[in-house]
Amino acid sequence: MIRQDKFKVLSLKHILLISLMTSLIISSCGGCGEISDKTTPLLTTPESETQCGWIYRGTEQERGVVVIVSRDNGYIIVSKIPFSDECDCNYLGVSKIDGKGDLVWKKIIEIETYCPTTLHGTVIERNDGTIYLTTLCVDPNTQEECVPYEIVMDQQGNIISTARIEGSLALVDYGDANYQIRTTEGEYISLRGSTMSPGLELCPMIIKHDINKYFQWQKVLGEADDGFYGIKQTSDNGYIIAGQSGNLTGDHADACLIKTDMNGEIEWRKNYGGEKNDIATSVIIAPDGGYIFVGWTCSYGNGSGDVYMVKIDESGNEEWSRTFGDSNSEGGFYILRKTNGQYVIAGSTCAADGDNDILLIITDSEGNCAIE
């Protein structure tokens, strides 16, 4: 397993949504694994010794939550880094990785007065090489105001500018907001409410606002024990939604996908996984019109929690699944498809010392390890 040198940037601790979800799934899988040799050369599947990915040492509870492919065929990973035990918010880490998996640079983003809490749907490398991302921020003192910020960085990761995005739709209730996207028509779709929202007993919902931010409709997706974390617009202008069915603090939760029409009406809902807790955190549309999701599994793989990758057809029927991990606890947060057909997964890995590191996995079109 390849691990890059640790960056000593900030002494930080817990995160909110992703952190709580990670803690629950790791606990349900039996805890973090043994502390592994930091120079172990491979991250492999249980069935193969082919190299699958790289691990980058981070600050204590850092997790890669979004990855994009850069113009030089490398990667840009955005990670969450805990702010403090008393503030349910995070700094953002931005890491540049070259095509061979080597860490080129890493930067920590702090915004005066406000602290980033979650990505707001956009990470882009522009034609001039600058990096543009947006993040949802909350006042660290009151934790009441959610405001969208845009951040521009140069090719070396230096911040060029940060600015509050005036007039944009901010998710109204920080603790009750999981994810938001903009549709092809410029409208807003939000996922709200789940067991991952501390102190809230809300059924998860999909909510639509029009291009002028006026409320259009909301639809309930499940029970209060369910949680949903990833969403994509489909070719028929409906939505595919990834999450979990059941409470992760209980005996059993399944990874769950829901397909809705353009009005949020459920067309089908299906569960995936085994006898233990499993979860889907991110979903994309496959070239054949089906879907691929990633997340965690405690039911399969090496047992202490592995990255879970599942391919399903357009009707939700499972076609194949893969797990990635070793004796530690690994989880996937985000998946994308490269133009060459490969898939890239960003996530985290946990060892017995409690630290979490950034995880980057590369597979071929069938989910097989693809690092040369």
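Note that the working numbering gives residue 309 to position 307 of the sequence shown, counting from 1, and the numbers run on in steps of one. Glycine residues also receive a C-beta, built at the ideal position from the N, C-alpha and C atoms. All of these numbers come straight from a predicted model, not from anything done at the bench.
Could you check what DSSP says for residue i in three-state terms: helix, strand or coil?
i: His-254; result: coil
i: Ile-233; result: strand
i: Gly-224; result: coil
i: Glu-152; result: strand
i: Glu-332; result: strand
i: Cys-371; result: strand
i: Glu-127; result: strand
i: Ser-192; result: strand
i: Tyr-302; result: coil
i: Arg-339; result: strand
i: Gln-218; result: strand
i: Gly-318; result: coil
i: Asp-100; result: coil
Find out if the Cβ-Cβ distance for the pair residue i, residue j is shorter than 8 Å.
i: Val-309; j: Ser-323; result: no
i: Glu-64; j: Ile-360; result: yes
i: Gly-240; j: Asp-263; result: yes
i: Gly-159; j: Trp-107; result: yes
i: Ile-281; j: Trp-270; result: no
i: Val-69; j: Ile-57; result: no
i: Tyr-302; j: Thr-325; result: yes
i: Gly-188; j: Ile-213; result: yes
i: Gly-245; j: Phe-230; result: yes
i: Cys-300; j: Lys-278; result: yes
i: Ile-208; j: Ile-191; result: yes
i: Gln-218; j: Thr-185; result: no
i: Lys-221; j: Gly-275; result: no
i: Ile-373; j: Cys-54; result: yes
i: Asp-366; j: Gln-344; result: yes
i: Lys-272; j: Gly-334; result: no
i: Cys-139; j: Ile-111; result: no
Return the bridge partner residues of residue i from the DSSP annotation.
i: Arg-324; result: Met-311
i: Lys-82; result: Arg-65 and Leu-94
i: Thr-262; result: Tyr-241 and Ile-268
i: Gly-297; result: Ala-282 and Tyr-310
i: Thr-136; result: Glu-152
i: Gln-246; result: Gly-229 and Ala-257
Under 8 Å by Cβ, that's how I've got residue i and residue j pegged, so tell me the actual separation to the nearest angstrom.
i: Gly-95; j: Ser-72; result: Not confirmed; about 16 Å, so no contact.
i: Ile-153; j: Leu-135; result: 5 Å
i: Tyr-2; j: Thr-164; result: Not covered by the structure: residue 2. The range shown for the chain is 3 to 374.
i: Ser-329; j: Cys-352; result: About 11 Å; that fails the 8 Å criterion.
i: Ser-224; j: Cys-205; result: Going by the sequence as given, residue 224 is Gly instead of Ser. Confirmed, Cβ separation roughly 6 Å.
i: Ile-99; j: Leu-338; result: Contact doesn't hold; Cβ gap of about 14 Å is too wide.
i: Asp-454; j: Gly-103; result: A question about residue 454 goes unanswered here, because the residues of the chain that appear run from 3 up to 374.
i: Ile-242; j: Lys-215; result: Between Lys-215 and Ile-242 the Cβ distance is about 24 Å, and since that is not below 8 Å, they are no contact.
On the DSSP letters alone, give me the boundaries of the beta strand (DSSP E) that residue i sits inside.
i: Ile-208; result: 207 to 211
i: Arg-271; result: 268 to 274
i: Asn-358; result: 358 to 365
i: Ile-287; result: 280 to 287
i: Cys-352; result: 345 to 352
i: Gly-55; result: 55 to 58
i: Ile-111; result: 105 to 111
i: Thr-186; result: Run containing Thr-186: none; DSSP gives neither H nor E here.
i: Thr-386; result: Residue 386 is absent from the structure shown; the chain starts at 3 and stops at 374.
Can you determine whether any heavy atom of the ligand COA sits closer than 7 Å to the C-beta of residue i, and answer yes or no?
i: Tyr-58; result: The ligand COA is absent from the structure shown, which contains no ligand whatsoever.
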